[in-house]
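According to my numbering, the sequence shown is numbered sequentially starting from 167.
Where a beta carbon is used, it is the ideal one built from N, C-alpha and C, also for glycine.
As the structure is a prediction and not an experimental result, all values here were calculated from the model.
See structure below.
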Amino acid sequence: MKSFWRKETATLIALLLTTLICGCVVATKQTIIAPEIIAQFKGTYKVDPYMEKNRPLSVAVLPFWDQSRSKQGFEPVRRGFYNHFSSLPFKDMEITKIDDLLAKADLTDPEQIQKTSPQKLGEILGVDAVIYGEISNFDKLFAVIYSQVSVGAEVKMYGTKTGQFLWSGQHVVRIHEGGLSTTPVGIIAVIIASAMNLRDIQLLRACDDLFREMVKTIPTPPLAAVLRPPTITLLVQDTKNLPKKAGDEIHVVMQGTPKMRAAFAIGEFKKRIDMQEQEGDAGFYLGVYRVVPGDNVAGALITGRLTDDAGNTAEWVDALGTVTLDTTPPEKPQGLRTVGRDKLVLLTWEKSAAADLAGYRLYRSVTPISGYQEVVKTEFNEYRDPVPENGVKYYYQVIAADRAGNESERSETVSGMPVAPGPTPVAGAIEVDTTWYAGASPYVIENEVVVRDKAVLTIEPGTEILSRGGALVVEGRLQAQGDGEHLILFSAAEGLERWAGIRFANVKEKENLVKFIRIRKAKAGISCEASSPRIEACELTDNDTALAIQGAFSAPIVTGNTIHKNAQAAVIISDGAKPTLLDNRIRDNAAEGIVVRSAAPAILRNAIAQNRGGGIAVLGAQASVTENNITDNGPFDLAGEMKGEAVSALNNWWGTAKGLEVFARIRGRVDVRSILDAPYPEGKPVELPILDAKLSGPLKTDGFLILSRSPYRVTGDLTVDGGAILHIEPGVVVQYDRNTSIIVEDGGVVARGTADLPILFTASGASPAPGSYANAVRFIKQTKANSLFSYCVVEYAVTAFDIYHGTPEISSCHIAKNAQSGIYCRNDAAPQISYSTFEENMGEGGIKGVGMSNPSIHYNNFLKNAVSVQAFSSIYIDARNNWWGADPPDTGLIWGDPDKSINIKPWLPVPEEKAFRGRK
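Below, the structure written as structure tokens:
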């Protein structure tokens, strides 16, 4: 075998040296020999006459375009040309610098570079000329006793100032195995043999034959002196394109002129590493670089240099490979977990992000700290470890290794225990620390299970627990932590509608964790009674109530859960509890999403949607509701109490950025003065134009009166002008100081209450009486803005509505106890008045019309007014279908000519049931 190796080594080196030793061009960058055009060149070439007087000094060899589509030929062929061309007396730019500048200009595709003009490339590279190359042939044919390499290329040089063609050469060569020569011995021979194989040698021979004579046809710049520089015929390195780690050595061999100063560079990473000429091998130079920690470079090109005593330097690049140094190990593997099965432990861990990952090594021990033995080498991030018996705890660690051989730190230690398969019945008290294993699933709760005060129950990911009705009661600690791929499942046993759920009983600040579990078919999925577990990333579905939190010592963190499709209110918080609900999805529940009773939760960044009983209901509580997306809940997104302090609900997304639509989704005293203009987290806070509690002066932009700031007090006339609309929310109370009014010029008022939440316009005094203020609303100018009043109570004014112009709609209102009249219509005013009740209005009574006013009066009730209606308008007033207090009406209470001024026929024989009668 040894003799065979020596023979193979000698043969390989001989094949390489046979053609590389001969015929090298000799030149330097500083002093140059004008070469003759050698007749031995068997290809074709062309020199443009323009080049004779315009010879470039600096030249860049561009990436070659491989038309043969070999996917491996373009770079070795380009480097082969560069090695010969670099011996000519041009200032040639290094390949790595060329590629870097092209990449910065977004030119990395050789075909695209071929189509780029010389002028453009000259701007990018800063050279006088560029050389394009097209590879027409690149074939490797190998048999057991025969090999052939065919390489063909056409190379062209263009000036970069004008784009003028300067020179071209074209040739195809075929290399057959054969040829012997004297070879080096000792370490040089070993390195050359280990660094190269037969295919590499044949490729180098082909490139050498292709370009050795071709470059001699290129006219070179004139020189002042003729000096022979060193020559280089061979450069190889032994990495075989494999990455090297700290402690590895790189050996580089170069052959050239003897007795020179030699060095090599590793790309831009290490610029000068000395090489030594080997005793007994004249002209062979050896350089060694030992990789040290911190060395990291990818795809670096090895460049060898020979320099004589006059400073003339020859340069040669490794045409076949690059060097990668990698001393950075992969990150420590994360997420190692085990699942016990029958005489088997299943292991998984997170995939390493290392781009150069080679694989993993898994270690096992029966003790947690020492005694670890390698179990397996694998390229996968999982393993099934067969073990001889159940009930024995094993400890595992895993490392990641890259292609350079760097190894990560060992992972965190985890334990795994093979277990007999389930079902496993459980019942009664757990007095000592206990683990429920996924492999023993399902665990069947036969009767209530109680984890006692000093005990910890740990439940493995993937474990299934079924209950025959009894609860899992936690008085000690529960660690039920699944993961994203292996949830822990709690449900009712087959055939059972509901089970009692998980109940934390007075565990207060003890560390309890429920994570990545699914709870189904429970009366209450999780109950916290004076307890504060962390409930995270769980799914609670198909229960009566998903989560019940009660008691002053209950302050659980509830985050990242999906709570949906439960039959009753999904989350109930009561009796002083202070939980934090963060980043949960609470949707599609049959009743409310969240109910808060006498508690103080923080409700933050949740998605609360499509709950059919409402989004959030706050009853006698002080909830903080911030940065949530609360949409499409029915009948309201948020409902608060009608009295007491307002619920703080700032900076939420309500499905719209329009204030009027937001208020329509809210009921009760809720502070929403700031909303989001889009769903969280993209939405930005927007202040709504909510007016202060004291009202006076001009209002020239839209404004809102909302329940959370009610009652409002008009301390001076409030004038609505400039096209503004004053919106008043249901349940708002507007109180007027003496001689004040809301005056509408060019604007409008929209006061839309509800039957159970009417809007009240009244006097501010402690003992109000008719005439305590001027008007609830006085319309004094023409305007295109519409006004509307529904389910409003207007009392104790001189005149409730004094309408000089406009057509406000007044429906379902109770207008009572006003000193002069309920509604006074002047000029061309034409209000629409319907389903309202006029009661105990003094002076001129319920409604008075003068001038050309034309009120429309239908389906109203007139009760106990001084006069029901006065019709002194020149327009015939339509007042049909009203209840006038009697059947037939008392005509003494209806002033006006029934034939010319007012039409009251037909009238209602009984009071209109749909007419609003005011507060109950």
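Mind checking whether I1029 and N1047 have CB atoms under 8 Å apart? If you number the sequence shown from 1, residue 1029 lands on position 863. If you number the sequence shown from 1, residue 1047 lands on position 881. First, the residue type needs correcting, since residue 1029 is Leu and not Ile in the sequence shown. Not in contact: L1029 and N1047 (Cβ atoms no closer than 8 Å).
Using only alpha-carbon positions, find the residue among N772, A714, Q539, Y990 that is nearest to T797. As a first step, residue 797 must be located in the sequence shown, where it is residue number 631. Minimum Cα-Cα distance from T797 among the listed residues N772, A714, Q539, Y990 corresponds to N772.
Nearest by alpha-carbon distance to A147: which of S953, I999, N984 is it? Residue 147 falls outside the range modelled here, since the chain spans only 167 to 1086, and no answer is possible.
Find the nearest neighbour of G697 within the set D708, K689, A690, A718, judged by alpha-carbon distance. Here residue 697 refers to the residue found at position 531 when the sequence shown is read from its first residue. The question names Gly, yet the displayed sequence has Ser at residue 697. Nearest option by C-alpha distance: A718.
Can you confirm whether the region 520-531 touches the region 591-603 when touching is taken to mean that 3 or more C-beta pairs between the two stretches lie within less than 8 Å? Between the region 591-603 and the region 520-531, the count of C-beta pairs closer than 8 Å stays below three; the two stretches do not touch.
Three CB pairs or more closer than 8 Å across the region 986-1004 and the region 1015-1032: Result yes; three or more Cβ-Cβ pairs closer than 8 Å.
Please report the distance separating the alpha-carbon of G605 from that of Y455. On the sequence shown, position 439 is the one that residue 605 refers to. On the sequence shown, position 289 is the one that residue 455 refers to. Rounded to whole angstroms, G605 to Y455 spans 54 Å at the Cα level.
Using only the alpha-carbon positions, how far apart do G345 and R371 sit? In the sequence shown, the residue the question calls residue 345 occupies position 179. In the sequence shown, the residue the question calls residue 371 occupies position 205. Unreliable positioning characterises G345 in this predicted model, as indicated by a pLDDT of 38, which lies under 50. The coordinate reading is nonetheless provided below. G345 and R371 have their alpha carbons spaced roughly 11 Å apart.
Roughly how many angstroms lie between the CA atoms of E848 and L816, to the nearest whole one? Within the sequence shown, numbered from 1, the residue matching residue 848 stands at position 682. Within the sequence shown, numbered from 1, the residue matching residue 816 stands at position 650. Distance between the alpha carbons of E848 and L816: 16 Å.
Determine the closest residue to I976 out of Q986, I1013, K950, with distance taken between C-alpha atoms. Here residue 976 refers to the residue found at position 810 when the sequence shown is read from its first residue. For I976, the nearest C-alpha among the options comes from I1013.
P395 and L223 - do their beta-carbons sit closer together than 8 Å? For the purposes of this step, residue 223 is identified with residue 57 of the sequence shown, where counting begins at 1. For the purposes of this step, residue 395 is identified with residue 229 of the sequence shown, where counting begins at 1. No, the Cβ-Cβ distance between L223 and P395 is not below 8 Å.
If we ignore side chains and look at the alpha-carbon of each, how far apart do S252 and P496 end up? The residue labelled residue 252 in the question sits at position 86 within the sequence shown. The residue labelled residue 496 in the question sits at position 330 within the sequence shown. If I take the Cα positions, the gap works out to 40 Å.
Contact set for Y216: own chain, Cβ-Cβ below 6 Å, skip 5 residues either direction: For the purposes of this step, residue 216 is taken as residue 50 along the sequence shown, with counting starting at 1. If the five residues before and after Y216 are omitted, its C-beta is found closer than 6 Å to the C-beta atoms of Q330, all from its own chain and listed in chain order.
6 Å Cβ shell around E434 - same chain, five flanking residues per side excluded: Within the sequence shown, residue 434 is the residue found at index 268, counting from 1. Excluding positions up to five away in sequence, the list is empty.
Who are M441's beta bridge partners in DSSP? Taking the sequence shown and counting its residues from 1, one reaches residue 441 at position 275. Beta bridge pairing from DSSP links M441 with A428.
Answer yes or no: do C1018 and S987 have a C-beta to C-beta separation smaller than 8 Å? Translated into the one-based positions of the sequence shown, residue 1018 becomes position 852. Translated into the one-based positions of the sequence shown, residue 987 becomes position 821. Looking at the sequence provided, one finds Met at residue 1018 rather than Cys. One thing to note: M1018 has its Cβ no nearer than 8 Å to the Cβ of S987.
C-alpha gap between E241 and F230, whole angstroms: Here residue 241 refers to the residue found at position 75 of the sequence shown. Here residue 230 refers to the residue found at position 64 of the sequence shown. Roughly 7 Å between the two C-alpha positions.
If we ignore side chains and look at the alpha-carbon of each, how far apart do G588 and A757 end up? Counting from 1 along the sequence shown, the entry for residue 588 is found at position 422. Counting from 1 along the sequence shown, the entry for residue 757 is found at position 591. So the alpha carbons of these two residues sit roughly 38 Å apart.
How would you label K1080, buried or exposed, when you count the other beta carbons within 10 angstroms and need 16 or more for buried? Against the sequence shown, residue 1080 aligns to sequence position 914. K1080 is exposed by the Cβ-count criterion.
At 3 residues or longer, what runs of the beta strand (DSSP E) sit wholly inside the region 697-739? Taking only runs of at least 3 residues, the beta strand (DSSP E) segments lying wholly in the region 697-739 are 700-702, 705-707, 711-716, 723-725, 728-730.
Quick one: give me the first and last residue of the alpha helix (DSSP H) that Y216 is part of. Counted from its first residue, the sequence shown places residue 216 at position 50. Its alpha helix (DSSP H) spans residues 216-219.
Please state whether DSSP places D551 in a helix, a strand or coil. Taking the first residue of the sequence shown as 1, we reach residue 551 at position 385. D551 carries a strand assignment under DSSP once its states are collapsed to helix, strand and coil.
Around the C-beta of T405, are 16 or more other C-beta atoms found within 10 angstroms, so that it is buried, or is it exposed? For the purposes of this step, residue 405 is taken as the residue at position 239 of the sequence shown. Classification of T405: buried, given that the 10 Å Cβ count is 16 or more.
Return the bridge partner residues of P495 from the DSSP annotation. Along the sequence shown, one-based indexing puts residue 495 at 329. In the DSSP assignment, no residue is bridged to P495.
Could you check the C-alpha separation between C190 and R378 for me, to the nearest Å? Numbered from its first residue, the sequence shown carries residue 190 at position 24. Numbered from its first residue, the sequence shown carries residue 378 at position 212. Model confidence at C190 stands at a pLDDT of 39, short of 50, so the residue's coordinates are unreliable and nothing is read from them.
When you compare the CB positions of G453 and I439, do they come within less than 8 Å of one another, or not? Here residue 453 refers to the residue found at position 287 when the sequence shown is read from its first residue. Here residue 439 refers to the residue found at position 273 when the sequence shown is read from its first residue. At a Cβ-Cβ threshold of 8 Å, G453 and I439 count as neighbours.
Counting only runs that start and end within the region 816-865, where is the alpha helix (DSSP H) found for 4 or more residues in a row? Taken in chain order, the complete alpha helix (DSSP H) segments of 4 residues or longer contained in the region 816-865 are 825-830.
Coil, strand or helix - V138 by DSSP: Because residue 138 is not part of the residues shown, which for the chain are 167 to 1086, the question remains open.
Put I535 into one of helix, strand or coil per three-state DSSP. Your numbering for residue 535 matches position 369 in the sequence shown. DSSP, reduced to helix, strand and coil, places I535 outside both helices and strands of the structure shown, so it counts as coil.
Please determine, among K322, Q206, N478, E443, the residue with the shortest C-alpha to C-alpha distance to P255. Residue 255 sits at position 89 when you count from the first residue of the sequence shown. Each of K322, Q206, N478, E443 was checked against the Cα of P255, and the nearest Cα belongs to N478.
Just how far apart, CA to CA, sit L638 and T920? Within the sequence shown, residue 638 is the residue found at index 472, counting from 1. Within the sequence shown, residue 920 is the residue found at index 754, counting from 1. If you draw a straight line from the Cα of L638 to the Cα of T920, it comes to about 47 Å.
With a threshold of 7 Å on Cβ separation, who are the neighbours of A309 within its own chain once the five nearest residues in sequence on each side are excluded? On the sequence shown, position 143 is the one that residue 309 refers to. Unreliable placement is indicated for A309, whose pLDDT of 37 sits below 50; the coordinate value is still reported in the next sentence. Taken in chain order, the list of residues that qualify is empty.
Is T965 helix, strand or coil when you go by DSSP? Locating residue 965 in the sequence shown gives position 799, where the first residue counts as 1. Under the three-state reduction of DSSP, T965 is assigned to strand.
Do three or more CB pairs link the region 485-499 to the region 458-468 at distances below 8 Å? The answer is yes - the region 458-468 touches the region 485-499, with three or more Cβ pairs under 8 Å.
Nonlocal neighbours in the same chain, by C-beta distance under 6 Å from A783, ignoring five residues either side: Counted from its first residue, the sequence shown places residue 783 at position 617. Non-local beta-carbon contacts of A783 in its own chain, meaning distances under 6 Å to residues more than five positions away in sequence, involve E758, V761, A805 in chain order.
Which term fits V243, buried or exposed, when burial requires 16 or more other beta carbons within 10 angstroms of its beta carbon? Residue mapping note: residue 243 aligns to position 77 of the sequence shown, counting from 1. Counting Cβ neighbours within 10 Å, V243 comes out buried, since at least 16 surround it.
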